[in-house]
Amino acid sequence: MALRRLVTVLSSAAMIAAASLADLGGTAQAAPNAAGCASIGGGKYNCNVWKTASTWWCTTTDQTDSCNGIPAGILHAGTNYFYCQQWGHEYRYGSYYNHYWARTDDDSGNKRVWLPVVYISGGVNDGRIPGLPLC
Numbered sequence: 737m738a739l740r741r742l743v744t745v746l747s748s749a750a751m752i753a754a755a756s757l758a759d760l761g762g763t764a765q766a767a768p769n770a771a772g773c774a775s776i777g778g779g780k781y782n783c784n785v786w787k788t789a790s791t792w793w794c795t796t797t798d799q800t801d802s803c804n805g806i807p808a809g810i811l812h813a814g815t816n817y818f819y820c821q822q823w824g825h826e827y828r829y830g831s832y833y834n835h836y837w838a839r840t841d842d843d844s845g846n847k848r849v850w851l852p853v854v855y856i857s858g859g860v861n862d863g864r865i866p867g868l869p870l871c
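Here's what the structure looks like:
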């Protein structure tokens, strides 16, 4: 009798858990890539961009401080490839800020443009993105 009651309780708990998990199906989201970027070969590194953002034109001698303030195009949220990152002028978005910029080719067809690394998952304020080399 006690065993039958235990089986009934466990079966009920399993059904409640399954129903709860089924409700999560439409709302589950991928966690940000806390590890930063990963090499995909050919000098490119895949990184997660957590928000669609503008890319910028910059000259790249030894720093990206010479961005001309004109957006180049856009880079959509999701996995995107980057070549490297470089220290430059400070960029802020809400509570996020950083001096590093990452070089990429954007979704507007522009080559060798820059994205503030505040939009790349896995970093910290005013720090480098793990796994993405310096330019």
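Residue numbers (the working numbering): 737 to 871.
Even glycine gets a Cβ: it sits at the ideal position worked out from N, Cα and C.
If you're wondering where the values come from, they're calculated on a predicted model, not measured in any experiment.
With respect to tyrosine 829, valine 853 sits apart: the two C-beta atoms are not nearer than 8 Å. It is roughly 8 Å from the alpha-carbon of glycine 805 to the alpha-carbon of tryptophan 793. In chain order, Asn782 place their CB closer than 6 Å to the CB of isoleucine 776, counting only its own chain and leaving out the 5 sequence neighbours on each side.
In the three-state scheme derived from DSSP, where H, G and I count as helix and E and B as strand, valine 849 is classed as strand. Under the DSSP assignment, cysteine 773 falls outside any beta strand (DSSP E); it carries neither an H nor an E label. When secondary structure is reduced to three states using DSSP, valine 785 falls in the strand class. By alpha-carbon distance to tyrosine 817, the top candidate from Val860, Gly863 and Ile856 is Ile856.
Secondary structure note for alanine 838: its beta strand (DSSP E) is the uninterrupted segment 832-840. Within its own chain, the residues whose Cβ lies closer than 8 Å to the Cβ of threonine 840, once the five positions on either side in sequence are excluded, are Thr791, Leu811, Asn816, Tyr817, Phe818, Tyr819, Val849, Trp850 and Leu851, listed in chain order. DSSP lists Tyr836 as the bridge partner or partners of tryptophan 823. Under the DSSP definition of a beta bridge, tyrosine 817 partners with Asn782. Following the DSSP letters along the chain, one finds glycine 859 in no beta strand (DSSP E), marked with neither H nor E.
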